[in-house]
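Worksheet: the structure to be examined is printed underneath.
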Amino acid sequence: MSHTDLASYAERADLTQGRRVFEPASRTRTAFARDRDRIIHATAFRRLKEKTQVFVAHEGDHYRTRLTHSLEVAQIARSLAHALRLDDDLAETIALAHDLGHPPFAHAGEDELVVQMRDYGGFDHNVQSFRVVTELENRYPQFDGLNLSWETVEGVIKHNGPVSHRLDEPAWSVVRPYAAGGEAGWDLRLGTFASLEAQCAAIADDIAYNNHDVDDGVQAGLITLRDLDQVPLIGPMLAEVRRDWPTIDDRMLRIEAVRRMIGVMVEDVLAETARRLEEDRIVTTEDVRMARRTMVDFSHAMHVDLAVLRKFLFERMYRHYRVNRTRSQARRVLSQLFELFMAEPEVMPPEWGEPAMTPDKTQRARAVCDYIAGMTDRYAIEVHQKLFSLDLALDL
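Listed below in structure tokens is the structure:
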């Protein structure tokens, strides 16, 4: 969409607030498209293919990983942005970056790092994603991180809303320099809402994971289609597909019902967002940032239905004994690795081990945490086996 077709409250790549380190504009891409390409080429992005959502990578080839999830979120975010006449490159870029900081083993991995880092400055996957793009990715000689546009970095840290109230939390201390007057010299306006494009990425995340968790849960045999008949959103879609296709098989029924559920949720967001933009008289990007509420959101009725669906998934899927077993195993792997690396940083690869060779335990813990957070599921399992198996591996 050319910038002449964009809504007045859309971000404009030609009016970007720029990058922390100046770079000449690209001849072939807008600033936001260039950000997207940098994320796609990042090591942290490639690693997402072996990081899981609910199931551990070796449990099956068809379950979502963080990579396929990020691609689904990006596609939904782009569609929402396009329909709202926003900059779809920016929405897609923020969506692709939103999970870069997730550790291995889904939420079990994050839960364990939160526990391990409790006395050393804490851990938060959103902050870790922010650190990946601003400092941890190391692929350009002239700066640390990816040197992304202001609007992209703002969206990565603020896509769920203002964050200034969180700056006193230990895990958020690295974001403090990006407040007004902070030493980063780059004010991300942490007390305001992010762009509508960032809000599209945030809601697309909700749409994607609620739908694909239903899909994956049925494929894994943790829940059946019959279990879902009385559940809001998915139940009516199953009934509708059965009416349209009386002889449909279960596999196609599941796929078609999930596809339609995504469509219903997208339409709900578009209608509610249009209503809020009009009701709150939003005209400019500044109006968006200073608004009294999120603009891109579900309707109240959709929020009610989603709460019931999430409760069902929590009880029947996320806390299923088979998932609990992998969660338990995952947490044990990470806690043992963390403990060992804290005691013997010299067994870590030099680029991580050297920063950890310090008497400052908080600094050491952060290096250990960054190393573990960057691991894929498979790599974490392999490293654990090498270090804890009693068979003396020859390839240590």
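Note that the UniProt record's numbering has the sequence shown beginning at 1, numbered continuously upward.
For every residue, glycine included, the Cβ atom is placed at its ideal position computed from N, Cα and C.
Here the structure is a predicted model, which is why all the values come from computation and not from measurement.
Report task. Please list, in chain order, all residues of the same chain as Arg78 whose beta carbon is under 7 Å from its beta carbon, the five residues on each side excluded. Result -> For Arg78, where only same-chain residues beyond five positions count, the Cβ hits under 7 Å are Asp88, Ala91, Glu92.
**Report entry** Unbroken alpha helix (DSSP H) run spanning Ala356, endpoints
**Finding:** Ala356 -> alpha helix (DSSP H) spans 350-356.
**Report entry** Residues near Lys158 in its chain [Cβ-Cβ closer than 6 Å; skip 5 each side]
**Finding:** These residues qualify, in order along the chain: Ala194.
Report task. Work out the CA separation of Phe130 and Ser8 for me, nearest whole Å. Result -> Roughly 28 Å separates the two Cα atoms.
Query raised in the report: Could you check where the alpha helix (DSSP H) with Ala91 kicks off and where it finishes?
Result: 88-97 is the span of the alpha helix (DSSP H), which, as asked, contains Ala91.
Report task. Tell me whether Val56 sits in a helix, a strand or coil according to DSSP, three-state version. Result -> Because the pLDDT at Val56 is just 48, under 50, the model does not fix this residue reliably, and the value given afterwards should be weighed accordingly. Val56: coil per DSSP, three-state reduction.
**Report entry** Closer than 7 Å to chain D by CB, Leu238
**Finding:** In the structure shown, chain D cannot be found, because there is only a single protein chain.
Report task. Kindly indicate which residue of Glu382, Phe22, Val296 has the alpha-carbon position closest to the one of Gln142. Result -> Selected option, being the one with the closest Cα: Phe22.
Query raised in the report: Which residue from Glu278, Thr326, Phe105 puts its Cα closest to that of Lys51?
Result: Comparing Cα positions, the closest option is Phe105.
**Report entry** Collapsed DSSP secondary structure at Phe341 in the structure displayed
**Finding:** In this structure, Phe341 counts as helix in the three-state DSSP scheme.
Query raised in the report: Can you tell me whether DSSP reads Tyr9 as helix, strand or coil?
Result: In this structure, Tyr9 counts as coil in the three-state DSSP scheme.
Query raised in the report: Quick one, which of Leu196, Arg176, Gln199 has its alpha-carbon nearest Arg189's?
Result: Considering only alpha carbons, the answer is Arg176.
Report task. Determine the contact status of Ala95 and Ala74, defining contact as a CB-CB distance below 7 Å. Result -> Their beta carbons are under 7 Å apart, which means Ala95 touches Ala74 by this criterion.
**Report entry** residue 402 versus Ala373: straight-line alpha-carbon distance, rounded
**Finding:** Within the shown structure, residues of the chain are numbered from 1 to 396, placing residue 402 beyond reach of any answer.
Query raised in the report: When the Cα atoms are used, what is the spatial distance from Leu100 to Gln385?
Result: Going from the Cα of Leu100 to the Cα of Gln385 covers about 25 Å.
Query raised in the report: Excluding five sequence neighbours on each side, which residues of the same chain lie with their C-beta closer than 6 Å to the C-beta of Met357?
Result: The answer, listed in chain order, is Pro345.
Query raised in the report: Quick one: any contact between the region 310-326 and the region 211-218, if contact means 3 or more CB pairs under 8 Å?
Result: With a cut-off of 8 Å, the region 211-218 and the region 310-326 count as touching, because enough Cβ pairs lie within range.
**Report entry** Simplified DSSP assignment, three categories, for Thr65
**Finding:** Thr65 sits in a strand when the DSSP states are folded into three classes.
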